[in-house]
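Residue numbers for the sequence shown, in the working numbering: 773 to 862.
The beta-carbon is built from N, C-alpha and C at its ideal position, and this holds for glycine as well.
If you're wondering where the values come from, they're calculated on a predicted model, not measured in any experiment.
One structure is given below, encoded as structure tokens.
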Amino acid sequence: MTFHRSLLAIPLLALAACAAPVEEGDTGPAFLEELPEGLAEAAAPDQDLTRVLIMPEDGCYWYQYPGPVETTFLPLRTVDGRPICSRPQT
773 MTFHRSLLAI PLLALAACAA PVEEGDTGPA FLEELPEGLA EAAAPDQDLT RVLIMPEDGC
833 YWYQYPGPVE TTFLPLRTVD GRPICSRPQT
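Quick look at the structure:
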């Protein structure tokens, strides 16, 4: 029985060897190097303005939030909770 279990481990080890780590390269998000005038003043506090981008889907500003489990993007909002966008919303 021990022989059969070891045979099952061989394909699993071979499959694990095929996995490659994902590296962030040129295909990563394009963060703004400089914030537009007035954006920092319009944004509510407690939002990280060092890694901000404009999502092409909605034209709004989003910031990278490093949460306790994963890093995700959240919409940049004003003090009263409205999203900050670079083009008018329809």
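* To do: Could you spell out the range, first to last residue, of the beta strand (DSSP E) harbouring Leu811?
  => It is not in any beta strand (DSSP E) - Leu811 instead sits in the alpha helix (DSSP H) that spans Leu811 to Ala814.
* Asked: Mind checking whether Tyr833 and Leu848 have CB atoms under 7 Å apart?
  -> Yes, the Cβ-Cβ distance between Tyr833 and Leu848 is below 7 Å.
* What whole-angstrom Cβ distance do Leu846 and Val824 have, given they're in contact under 8 Å? -> About 11 Å; that fails the 8 Å criterion.
* Asked: With a Cβ-Cβ cutoff of 7 Å, do Leu821 and Ala812 count as a contact?
  -> A Cβ-Cβ contact shorter than 7 Å links Leu821 with Ala812.
* **Gly800 versus Met827: straight-line alpha-carbon distance, rounded** => Approximately 13 Å between the Cα atoms of the pair.
* Assign Ala802 to one of two classes, buried (16 or more other C-beta atoms within 10 Å of its C-beta) or exposed (fewer than that). => By the neighbour-count criterion, in which a residue is buried when 16 or more other Cβ atoms sit within 10 angstroms of its Cβ, Ala802 is exposed.
* Between the CA atoms of Glu842 and Asp830 - distance to the nearest angstrom -> Each residue's alpha carbon lies about 23 Å from the other.
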